[in-house]
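The sequence shown begins at 805 in our numbering and counts up by one. Where a beta carbon is used, it is the ideal one built from N, C-alpha and C, also for glycine. Before any comments, here is the structure.
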Amino acid sequence: MKRPYQKGTGTLISVLIIFTMGLLLLTALQRELEGAFNISGQERFYLKAYNQAASSLSWGVSKQWPLRSLSQRTSRRHQGWYCQTEQINQLKSCIKPMLEIGIFLIKGESILGNRSEKIILYQSAQTNEMPNTTEQKLVPVTGGWLDFCPVKNEKFCLD
């Protein structure tokens, strides 16, 4: 009896198919990981900008503002923002009197990454007379923190 000789073509094709499938799976996994890495990088930029805006807002609430001169401006409805910056930590906070007397709107802002997009947070605050002085201090209104303009007229919050 003669034995048939195997040439190994079927085995070689099976191994090549398994290698090809493994390579395709690894390529798909690499693309998935690159996408997740890009998303996490964008999220990191956003969180950094958000925290910068929150720091600017907190700094603005604790800042001494010229409240009397801001309150005494004649045209409160068309008054612009009065802004101050702190260069070391790159904080920018602005204040504007609202239509109600003694109520101010403070905004903290930051720039999102290398773009020109801004993240702006708002806080309503009211004046509080300091005892034994003529100074006024801002006290945040409870529940007055927002990430959108709290005034119905959107033009009020624009720069």
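Quick check on the DSSP output: the beta strand (DSSP E) that includes Glu890 runs from which residue to which? Glu890 -> beta strand (DSSP E) spans 886 to 890.
What is the residue span of the beta strand (DSSP E) that Gln883 lies within? Secondary structure note for Gln883: it is in no beta strand (DSSP E), with a DSSP letter that is neither H nor E.
Let me check understanding here. Comparing Cα to Cα, which of Lys811, Thr889, Ser914 lies closest to Gln856? Checked all of Lys811, Thr889, Ser914; the closest Cα to Gln856 is Ser914.
When you compare only the Cα positions, how much space is there between Glu890 and Ile910? When rounded, the distance between both Cα atoms is 15 Å.
Check Ile905 in the structure and name its three-state DSSP category. Coil at Ile905, not helix or strand.
Where does Gly912 fall in DSSP's three states? Gly912: strand per DSSP, three-state reduction.
In terms of alpha-carbon separation, which member of Ser866, Asn932, Glu847 lies closest to Leu895? Checking every option, the nearest Cα to that of Leu895 belongs to Ser866.
Verify whether the separation of the beta carbon atoms of Leu861 and Gly912 is less than 9 Å. In this structure, Gly912 lies closer than 9 Å to Leu861 by Cβ.
Out of Asn957, Tyr926, Val955, point me to the one whose CA is closest to Trp949's CA. When only C-alpha atoms are compared, the closest one is Tyr926.
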